[in-house]
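A.B. asks: If you scroll down you'll find the structure; I have some questions about it.
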Amino acid sequence: MSQPAKICSFALSLPVYHLFDYELLEGAKAIPGMRFKLPFGRGQKMGVLVACQEQPISQHKNIKAVLTKLDEEPLLSSHLMQLACWLADYYCQPLGEVLFQFLPGKARKVEPLTETRVQIWTANPIEDEILMSIRRKAPRQYDVLLALKQSANGLNAAELRQIHEAWHQPVKILQSRGLVERTYRENLSFSKVNLQPGFKLTENQQKICSQMSLLTEQFLVHLLQGVTGSGKTEVYLELMLQVIQQGKQVIYLVPEIGLTPQLLERLQSRLGQGVVSSHSALTDLQRYQSWDQFKRGIAQVIIGTRSALFSESQNLGLIIIDEEHDASFRQQDGIRYHARDVAIKRAQMLDIPVVLGSATPSLESLHNLSKPHYRLYRLDTRVNNSKPPTIELLDCSQVPLNTGCSPQLLKAIKQHLNAQGQVLLYLNRRGFAPVVMCHECGWQSSCYQCDARMTLHQSVNKLICHHCGFSVMVPHKCPDCGVKEIRHYGVGTQQLEEFLKLQFPTVEVIRIDRDSVKSSKHFELKMKPVREGNPCILVGTQMLAKGHDYPHITLVGLLDSDQALYSSFYRASERLVQTVLQVSGRAGRAEKKGQALLQTAFPSHPLMLNLCHQSYSELVTGILQEREMVRFPPYARVVTFQVDAVELALAMQKLDQLKQILTELNTASPVKIIGPMPALMTRRIGRFRAQLSILSDNTQAIRQILQQLMPKIQGIRNTAKSRLTIDVDPLDL
Ligand code: ADP
Ligand code: ZN
Ligand code: ZN
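Sequential numbering from 1 applies to the sequence shown in this note's numbering.
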């Protein structure tokens, strides 16, 4: 009889769907969610324990033993492990990769975690006699002890080093004798806050808060639809205060926070020190600190982007998702998931509420309102009663544009500047010009790795591909025919900025895009004139569309929105409506009435006309009706399989193989199979991409087919030559 062995299954960060088994030494404590160091190939890897079972050892002759345990306690609670398993299953993503997303960067390494608190040493009371004896026998210990005795709050490592370069040894001895004690102090990212009382809520805000707060003890999705500036954030703050008072924690997700420290300050000034943040502008250590403080309950609120959703919490009471329609909640690379939808699942598992807020809620959320656990609340007026601007069309079908601007737009800019107003021009294209071309032979600035044209960035005299980052110097003459004159076409934000500087030399022109803004400090600095209220022009990409509050802007101009009218992206009209309303909502927030001008060459297009006289609710009702007619999301579910390979033929072949399996599974034909076909941008970063989608208004049928498919696709998945990615509920088809 062979002895039973403890066999543990681990999830490793690898693009595979199976777990890896290792043997655990007898007696070792092993709880799912703990990290272990494991032998793997010739090296080592970190694995998260998923399950353990006793098995006769004879069955596992070749099984390797675990190297060491990295954590004494599980890093991920059973709740988060369950959520990760759900995510991996629902989105068809490898569990190991999902679990890695759940861990802070520091915990993805094959190392134990370090202490985030600051170590502090203090002196215990000591008899004079002993002190004198130390003074005689061990002068270094004496120096350290004296310094510790003199400081009421103890000393940290840096301070002890000031006393003695080699402080470790004497402190260690003193500690072993019980004369010195080590304690910890929280390393808070900010030391002091001036707590400020909130506004007196308006009647409407008050009503919504009390309706929502009656329901904090159960799973519900509260959709708060409120125009920009209607006071949604104040409602969140009130709810957070209530939840904190009940001793619970809050996760608050926003699309972007690195650039808007004001929001964090606003939260801290109302809620106190227990607010931490997590986003990509922080270092790994800072993010880990936030994660750790939230996990231990030192912080009550964590505000952050997408992945802050995976923060461990002892006692989560509420999840808030601001600007819930924003596409950044959908992760498009690595593991693919929608943070809003996962948040709703997490809340359901914990039986707690979720608040989704937006001026322009997603069609999915509006559609979901028919479900029993959804509630709608509306804030239709701004707090200061200023009216969001109505949108006017500028017909530019018959007039020549000057650097993207029609004469009417230039006239309006002038008028607003003269009236001491500020102007925001929205152009979602960075760089100087999107195309560089030879007039003689038709040569274009194509990227050699992508099916895309490289954008002219004149400030650095380079052509840059926005898809892969590849860049070359701008050629002096046509690389194909040698002609000297090569021209650029189209307008990007850099060109618009230069043009406006010439047109309006007396005011400041501020460009906000990924090339011009590198950090939040830089952003703050650039936005200073805007906050001060002086007449100025802001030019920017979607970076400007998100939640910033600039009360002195009176004119918003939208350039180049027409692309949405002939885009193949099925969400193009939804996106256009959301962008136009979000961007125009930046105007007229204070006492000055705002104006929003939408330049278009298609002023009689129904969507353009509707934008001028319909509310968001009316606009989306129309779009939802169209979607329902063609049975597209949210009335149907989509799964897209994409293969990128070294050759297009290989990508297509892999998908043909997949299609065959799918067709066999789809005997009753409840799902529609579309493709395979080359992706819209077939070549990207040197790889060829093809895709196949399944679509159905029968959710159950999609789930079933995926469940049957997953065990069968191991053979199709990843080799060096081709890689399959699965996208459940993708934003695009
Ligand atoms: P939203 O999140 O809907 O854009 P905010 O909560 O940021 O709106 O509120 C917009 C502005 O109105 C902010 O400057 C905020 O300080 C102010 N505000 C919000 N609620 C009130 C209130 N009840 N009384 C006075 N001012 C308020
Ligand atoms: Zn040429
Ligand atoms: Zn490229």
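Ideal Cβ positions, reconstructed from N, Cα and C, are used throughout, including at glycine.
(1) Whole angstroms is fine: what's the gap from Arg140's alpha carbon to Ala166's?
(2) Cβ of Ser230 versus every heavy atom of ligand 1: is any distance shorter than 6 Å?
(3) Does the Cβ-Cβ distance between Ser722 and Val643 come in under 7 Å?
(4) For Leu771, which option in Leu271, Leu237, Leu214, Gly247 has the closest C-alpha, if you only look at C-alpha atoms?
(5) Considering Met652, what are the terminal residues of the beta strand (DSSP E) in which it resides?
(6) When every heavy atom of ligand 3 is checked, does at least one fall within less than 6 Å of the C-beta of Phe688?
(7) What is the C-beta distance between Arg429 and Thr493, in whole angstroms, given that I count them as a contact (C-beta under 8 Å)?
(8) Taking only heavy atoms of ligand 3 into account, decide whether any of them is closer than 6 Å to the Cβ of Gln449.
(9) Is the beta carbon of Glu498 within less than 6 Å of some heavy atom of ligand 2?
(10) How about Glu97 and Ser9: do their beta carbons lie closer than 7 Å?
(11) Starting from Glu186 and walking both ways along the beta strand (DSSP E), at which residues does that stretch end?
(12) Near Ala88, what residues of its chain come up, given a Cβ to Cβ distance below 6 Å and the 5 sequence neighbours on each side ignored?
(13) Would you report the Cα separation of Glu73 and Leu113, rounded to the nearest angstrom?
(14) Relative to the alpha-carbon of His457, which residue among Leu239, Gln289, Arg336, Pro475 has its alpha-carbon at the smallest distance?
(15) Buried or exposed for Leu75, going by 16 or more other Cβ atoms inside 10 Å?
(16) Could you say if the region 376-391 and the region 508-524 meet the contact criterion of at least three C-beta pairs nearer than 8 Å?
(17) Return the chain-ordered list of same chain residues with a C-beta closer than 6 Å to the C-beta of Arg346, the five sequence neighbours on each side being excluded.
(18) Contact defined as beta carbons within less than 8 Å: I believe Val193 pairs with Met240. What is the distance between those atoms, to the nearest angstrom?
(19) What span of residues does the beta strand (DSSP E) with Ala343 cover, start to end?
(20) DSSP beta-bridge partners for Trp737?
(21) Please list, in chain order, all residues with a C-beta atom less than 6 Å from at least one heavy atom of ligand 2.
(22) Could you tell me if the beta carbon of Cys396 falls within a distance shorter than 6 Å of some heavy atom in ligand 3?
(23) I want to check one thing, is the minimum distance from the CB of Leu665 to the heavy atoms of ligand 1 below 6 Å?
(24) So the candidates are Ile120, His488, Glu497; which of them puts its Cα closest to the Cα of Glu159?
(25) For Lys64 versus Pro32, is the C-beta distance shorter than 7 Å?
(26) Considering only heavy atoms of ligand 1, does any lie closer than 6 Å to the CB of Leu201?
(27) Applying the criterion that 16 or more other CB atoms from any shown protein chain within 10 Å of the CB defines a buried residue, is Arg42 buried or exposed?
(28) Rounded to a whole number of angstroms, what is the C-alpha to C-alpha distance between Ile537 and Gln422?
(29) Let's test the definition: count the other Cβ atoms within 10 Å of the Cβ of Asp326 and tell me whether it reaches 16, buried, or not, exposed.
(30) Give the secondary structure of Met473 by DSSP, where H, G and I count as helix, E and B as strand, and everything else as coil.
(31) Can Arg185 and Val118 be called in contact, C-beta distance under 7 Å?
(32) Based on DSSP bridge pairs, tell me the residues matched to Arg266.
(33) For ligand 1, is there a heavy atom less than 6 Å away from the beta-carbon of Gly226?
(34) Contact defined as beta carbons within less than 8 Å: I believe Val144 pairs with His164. What is the distance between those atoms, to the nearest angstrom?
(35) Identify every run of the alpha helix (DSSP H) within the region 536-599, keeping only runs that are complete inside it and at least 4 residues long; order them along the chain.
(36) Between the C-alpha atoms of Ile685 and Ile661, what's the straight-line distance to the nearest angstrom?
C.D. replies: The relevant details are as follows:
(1) If I take the Cα positions, the gap works out to 9 Å.
(2) Yes, the Cβ of Ser230 comes within 6 Å of a heavy atom of ligand 1.
(3) Yes, the Cβ-Cβ distance between Ser722 and Val643 is below 7 Å.
(4) The structure shown has nothing for residue 771, since the chain only spans 1 to 733.
(5) Unbroken run through Met652 is the alpha helix (DSSP H), 648-665; no beta strand (DSSP E).
(6) No, ligand 3 has no heavy atom inside 6 Å of this Cβ.
(7) Between Arg429 and Thr493, the beta carbon gap of about 7 Å places them in contact (Cβ cut-off 8 Å).
(8) Correct: Gln449 has its Cβ closer than 6 Å to ligand 3.
(9) Incorrect: Glu498 has no Cβ contact closer than 6 Å to ligand 2.
(10) No; because the gap between Cβ atoms is not below 7 Å, this pair is not in contact.
(11) Premise fails: Glu186 is in no beta strand (DSSP E) and is neither H nor E.
(12) Beyond the five residues adjoining it in sequence on each side, Ala88 comes within less than 6 Å, by CB distance, of Leu95, Val98 in the same chain, given in chain order.
(13) Roughly 11 Å between the two C-alpha positions.
(14) Between His457 and the set Leu239, Gln289, Arg336, Pro475, the nearest pair of CA atoms involves Pro475.
(15) Per the 10 Å Cβ criterion, buried.
(16) Between the region 376-391 and the region 508-524 there are fewer than three inter-stretch CB-CB distances shorter than 8 Å, so the stretches are not counted as touching.
(17) The answer, listed in chain order, is Leu83.
(18) 15 Å between Cβ atoms; not a contact.
(19) For Ala343, no beta strand (DSSP E) run applies; the uninterrupted alpha helix (DSSP H) run containing it begins and ends at 339-350, by DSSP.
(20) Given that the chain is displayed from residue 1 to residue 733, the structure contains no residue 737 and the question cannot be resolved.
(21) The filter returns Cys438, Glu440, Cys441, Trp443, Cys478, Asp480, Cys481, Val483, in chain order.
(22) Checking every heavy atom of ligand 3 against the Cβ of Cys396, none is found closer than 6 Å.
(23) Checking the Cβ of Leu665 against ligand 1 gives no.
(24) Taking each of Ile120, His488, Glu497 in turn and checking the Cα distance to Glu159, the smallest one comes out for Ile120.
(25) Contact: no.
(26) Yes, the Cβ of Leu201 comes within 6 Å of a heavy atom of ligand 1.
(27) Burial check for Arg42: the Cβ neighbour count within 10 Å stays below 16, so the residue is exposed.
(28) Going by the C-alpha atoms only, they are around 6 Å apart.
(29) Burial is judged here by how many other beta carbons sit within 10 angstroms of a residue's own beta carbon; Asp326 has at least 16 and is buried.
(30) In the three-state reduction of the DSSP assignment, Met473 falls in the strand class.
(31) Contact flag set, yes.
(32) Bridge partners of Arg266: none, in fact.
(33) Yes, since a heavy atom of ligand 1 falls inside the 6 Å radius drawn around the Cβ of Gly226.
(34) A Cβ-Cβ distance of about 6 Å is found for the pair Val144 and His164, placing them in contact under the 8 Å criterion.
(35) Taking only runs of at least 4 residues, the alpha helix (DSSP H) segments lying wholly in the region 536-599 are 572-584.
(36) Going by the C-alpha atoms only, they are around 29 Å apart.
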